[in-house]
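K.L.:
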Amino acid sequence: MSVVISVRVPRRLKEELERLGINYSAAVREFLEELVRREKARRLRDEMERLRRSIGRVEGNLAAEFVREDRDAR
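The sequence shown runs contiguously to residue 1564 in the working numbering.
Below you can see the structure in the form of C-alpha cells.
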C-alpha cells in the first residue's frame, strides 16, 4: 500500500524537470529511500558506539582466559 506525499516546488523547477524529461516522482522516491537507509545506518552506528562505551575497555586476552577457564572446569 502506498500513500501520497505532496511537495510544493517553484513552477519553473517543475517545468524544467518536465522539459528535461526527469521522472521527478521516481527521483524523489529514490532519494527518500536512500535518506531512510542512511539515517538507519547512522542510528545503528550511534547505538553501537553507545554500547561500546558502556561496556568499557576489556583488559588482557579475554579469549585465552575463557579457554583456560573452560579447561579448568573439566
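Quick reminder that beta carbons are idealized off the backbone N, C-alpha and C, glycines included.
1. Straight-line CA distance for Leu1525 to Asn1551?
2. Answer yes or no: does any C-beta atom of chain B fall closer than 8 Å to that of Ile1495?
3. What's the C-alpha gap between Ile1545 and Leu1522?
4. As a quick exercise: from Glu1508, Arg1519 and Glu1529, pick the residue whose alpha carbon is nearest that of Ser1492.
P.N.:
Inspection of the coordinates gives the following:
1. Start at 1 with the first residue of the sequence shown, and residue 1525 comes out as number 35. Start at 1 with the first residue of the sequence shown, and residue 1551 comes out as number 61. Answer to the nearest angstrom: the Cα atoms are 40 Å apart.
2. Chain labels in this structure do not include chain B; a single protein chain is all it has.
3. In the sequence shown, counting from the first residue as 1, residue 1545 sits at position 55. In the sequence shown, counting from the first residue as 1, residue 1522 sits at position 32. Spanning the two alpha carbons is a distance of roughly 35 Å.
4. Translated into the one-based positions of the sequence shown, residue 1492 becomes position 2. Taking only the C-alpha atoms, the option nearest Ser1492 is Arg1519.
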